[in-house]
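Residue numbering for the sequence shown follows this note's numbering, starting at 1237 and increasing by one per position.
Notes to accompany the following structure.
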Amino acid sequence: MRLKISFLLAALWLFVSPSFLFAGNVRVSDDTDECLECHRTVTPGIVADWENSRHSKVTLSVAMKTGTLERRVSCATIPAGLGDTAVGCAECHTANSSSHEDTFEHNGFDVHIAVTPEDCAICHPAEEKQYRGNLMSMAYPNLKGNPLYRKLMDTVNSVATWENGKTEAGMPTTATENLSCLVCHGTKVEVKGMKTRETKLGDMDFPVLTGWPNDGVGRLNPDGSKGSCSACHTRHAFSISEARKPEACAACHKGIDVPAYRVYSVSKHGARYKDMNNKWNFEAVPWEAGKDFTAPTCATCHVSLVTADGETVVKRTHRMNDRNAYRLLGLIYAHPHPGSPDTTVIKNSAGLHLATELTGEPVSAFLIDKKEQGRREAEMKRLCLCCHSTQWTDNHFDGIKNAIKTTNAMTLSATRIILDAWDKGLASGLPDNIFDEGIERMWVEQWLFYANSVRFAAAMSGADYGVFDNGLWYLSKNMRQMSELLKLMESARPHGKQQKNRQ
Ligand code: HEC
Ligand code: HEC
Ligand code: HEC
Ligand code: HEC
Ligand code: HEC
Ligand code: HEC
Ligand code: HEC
Ligand code: HEC
């Protein structure tokens, strides 16, 4: 009798368990079957990756049957014809084909190469919509569409010449930009005609893409959409566990201007992650604090749906500023977070597309208000309280506010020096490029490297990055050197030569 019951239970378990579905062969559509026939030999790595992913193992109609918290798809209804087969090559690469400029005739199918957020939105509309609320999704226009940031970009990317005792900056090329800023911010992917290529299976025609390959967060796609989901979920694994690990963000959030990953990796949270991550469960949805993981990763604090003791602590959000009250990244001061992901709409009283005046006062009309700042901070703090006391958490946030205050003050002091230099005609201020000359570059380093480093170290607990490693030491040293350089320039100037350059 006992044996019978356990047999019955085992049969029932096989029937309802997702691992049963994994073990079994999910049917692929006829179209995908044709892609697979060739691509198993043409691109075996891609096919193997896909076979290991949930897209090959769980159909949309099965995915829709799971509970709200566990669900990994967010469409309200099943789009025609997509319910009962695996999400295969054809389901992604032939979706919305008429809106894609990169669509081409490929062995009887209208295939496009760049599968975009718009295509993923067929089954993941919530993630796509939230993602559009990120500065990240606007990273290309925010950079290239802001005349001031453009100049910063050109300062870095142009090839300088030295002739007749003078240095001049040339015009940067798109090729250089694509290998510089746009690797992370995203390129503009364009179709430049068709080309016949010799392949393993004979000659075939393919579109010629420029700005490709690229996985930048604000990539401009050939269907008019922005961004690349593969920035964090690399194709064709498209996994949640990869995105939950800090390495997914490290690719872009590591430089001395944006040191989140460096800071995290030396924090206690980062140390725990390194020690214990092989015991954590990165697949579980929802993600239970204490049980599935014992210290937060970037995703935990900024993105994840986290539960504790069976209750929801924070909801998942692909709008990754949802728990950020402040814009820590100071261009040029830290300030309340922008209200719109499109930062080119922001204008200060001098007509510059900056969220603060040059002297630090925030341009409040374009920024979130105190109430929204409070909501975002409370959201982040709820998460901390899974593992910390209120005092620990509140004091930590007081520390962030103190770091914002002191670093903004040090940025203001450096800005006063540069305003003086422009006033005295020792550097050419607006409307010229304000980032390119020697003393101006020191000013840029003040806010872009040192002030940011101190703030990120305070926010995510990486002490050394706040002190001797690009931190307070450099913030004060650089200030001193700027003032000494200004005096030197003044004394070296031929007598009586003074012009006003500042507007
Ligand atoms: C008759 C064989 C065949 C079939 C069927 C086929 N492909 Fe291909 N496909 C190829 C070959 C060969 C290449 C070229 C690989 C290379 O560039 O070396 C290719 C390239 C591609 C590319 C990359 C193009 C580029 O330049 O980046 C994509 C995307 C693609 N196929 C998708 C699909 C999809 C989706 C299907 C099914 C709807 C499909 N293929 C069906 C043979 C095939
Ligand atoms: C869930 C959607 C999805 C599925 C399913 C899918 N792809 Fe892709 N594929 C993508 C994305 C996204 C990219 C990369 C575009 C980007 O970087 O944003 C891509 C890129 C490619 C490329 C170009 C990559 C390169 O390195 O040149 C090929 C070829 C390709 N896919 C073939 C396939 C084949 C074959 C299958 C089936 C085994 C398949 N894809 C299944 C979304 C998908
Ligand atoms: C036709 C529907 C469909 C499309 C299009 C689609 N997906 Fe999915 N996606 C699914 C299904 C079904 C699952 C599995 C759900 C489950 O396991 O319960 C899934 C799961 C996922 C997961 C979770 C994987 C995990 O490890 O938990 C990610 C991430 C994901 N998709 C990303 C993408 C991205 C990025 C794109 C576009 C490049 C995309 N999907 C396109 C249907 C789709
Ligand atoms: C390695 C990846 C990476 C590269 C390369 C990169 N950035 Fe960024 N950039 C970032 C990240 C990450 C942020 C946001 C950081 C944050 O919010 O803390 C950012 C933000 C910015 C912003 C703020 C935009 C806004 O709307 O507020 C500007 C301006 C900027 N970067 C300029 C540049 C310039 C100019 C270059 C090239 C010279 C460049 N970046 C290269 C990763 C990169
Ligand atoms: C491919 C590069 C890239 C990757 C990978 C990346 N980011 Fe970003 N991130 C950026 C850039 C660029 C910006 C700045 C965009 C701007 O200011 O216009 C940014 C901005 C942000 C911001 C500022 C707020 C906002 O609205 O965008 C947060 C928070 C953030 N990223 C978190 C993350 C987390 C968490 C991860 C990993 C799960 C991650 N990012 C992965 C490039 C990247
Ligand atoms: C313990 C929680 C926690 C972890 C882990 C964490 N962060 Fe943060 N992060 C914060 C807090 C708190 C702030 C500052 C709050 C604010 O901006 O209002 C912040 C700020 C940021 C910002 C600045 C946003 C802006 O708009 O300027 C970025 C970008 C960021 N984090 C990315 C990351 C990345 C990437 C990782 C992983 C390497 C990470 N964070 C790990 C809590 C965390
Ligand atoms: C900047 C990094 C980043 C980008 C870009 C990104 N995601 Fe995610 N995604 C994450 C993280 C982190 C998680 C894990 C959330 C959690 O733990 O609840 C995740 C989880 C998911 C899941 C799994 C949900 C589940 O319940 O298993 C899906 C589906 C998904 N993303 C789809 C997308 C789609 C579609 C896009 C493009 C519009 C996208 N993601 C872009 C970081 C990213
Ligand atoms: C899943 C549990 C967990 C969550 C959630 C969590 N922490 Fe922690 N945190 C830890 C553990 C464990 C330590 C190590 C404690 C020790 O030093 O012994 C730690 C350490 C710290 C430290 C000391 C850092 C250092 O490097 O010395 C700070 C500050 C901190 N956490 C702040 C926060 C804040 C702020 C949040 C929310 C945004 C948060 N933590 C969320 C588990 C967590």
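For glycine and all other residues, C-beta sits at the position ideal for the given N, C-alpha and C.
Helix, strand or coil for P1443? Go by DSSP, reduced to three states.
strand
Using a threshold of 6 Å, is the CB atom of H1291 nearer than that to any non-hydrogen atom of ligand 1?
no
Quick one: what's P1574 bridged to in DSSP?
L1603
From what residue to what residue does the alpha helix (DSSP H) around K1637 run?
T1626 to D1659
How long is the line joining the alpha carbons of Y1509 and P1532, rounded to whole angstroms?
8 Å
Considering only their Cβ atoms, is the gap separating T1403 from A1411 smaller than 7 Å?
no
Should H1360 go down as buried or exposed, given a rule of 16 or more other Cβ atoms within 10 Å for buried?
buried
Indicate the three-state DSSP secondary structure (helix, strand or coil) for G1438 in the structure shown.
strand
Helix, strand or coil for F1345 per DSSP?
strand
Please report the straight-line C-alpha distance between S1501 and C1537, rounded to a whole angstrom.
15 Å
In the DSSP assignment, find the alpha helix (DSSP H) that holds K1387 and state where it starts and stops.
P1383 to N1393
Evaluate the contact criterion for the region 1289-1309 versus the region 1512-1531: three or more CB pairs, one atom per stretch, below 8 Å.
yes
Helix, strand or coil: how does DSSP classify L1456 here?
strand
Return the chain-ordered list of same chain residues with a C-beta closer than 7 Å to the C-beta of G1575, the five sequence neighbours on each side being excluded.
F1602, L1603 and I1604
Report, in whole angstroms, the separation of the C-beta atoms of P1458 and F1340, which I expect to be a contact under 8 Å.
Rounded, the Cβ-Cβ distance is 11 Å, inconsistent with contact.
Looking at C-alpha atoms only, which residue of F1692, S1600, T1423 and Q1682 is the closest neighbour of M1372?
T1423
Pull up the distance between the alpha-carbon of K1431 and that of R1563, whole angstroms please.
45 Å
Rounded C-alpha distance that separates S1625 from E1483:
28 Å
What's the C-alpha gap between V1539 and A1728?
54 Å
For the structure I just gave you, are there three or more beta carbon pairs, one from the region 1576-1593 and one from the region 1382-1396, closer than 8 Å?
yes
Among R1691, K1660 and D1672, whose alpha-carbon lies nearest the alpha-carbon of F1646?
It is worth fixing the name first, because residue 1646 is Met in this sequence and not Phe. Out of R1691, K1660 and D1672, R1691 has the C-alpha closest to the C-alpha of M1646.
Expressed to the nearest angstrom, what Euclidean distance is found between the alpha-carbon atoms of H1731 and F1704?
40 Å
At which residues does the alpha helix (DSSP H) containing A1284 begin and terminate?
P1280 to E1287
Quick check: A1326 and S1265, are their CB atoms within less than 7 Å of each other?
yes
Could you tell me if the beta carbon of Y1562 falls within a distance shorter than 6 Å of some heavy atom in ligand 6?
yes
Helix, strand or coil for L1239? Go by DSSP, reduced to three states.
Because L1239 carries a pLDDT of 43, less than 50, the predicted location of this residue cannot be relied on, and the following value inherits that uncertainty. In this structure, L1239 counts as helix in the three-state DSSP scheme.
Three or more C-beta pairs under 8 Å: does that hold for the region 1662-1677 against the region 1469-1485?
no
Compute the Euclidean distance between the alpha carbons of L1541 and T1548, then round it to the nearest angstrom.
7 Å
Bridge partners for A1396 per DSSP, in chain order?
A1405
Cβ of A1693 within 7 Å of Cβ of Y1686?
no
So what does DSSP say about W1523, is it helix, strand or coil?
strand
DSSP state of F1529 mapped onto helix, strand, coil:
strand
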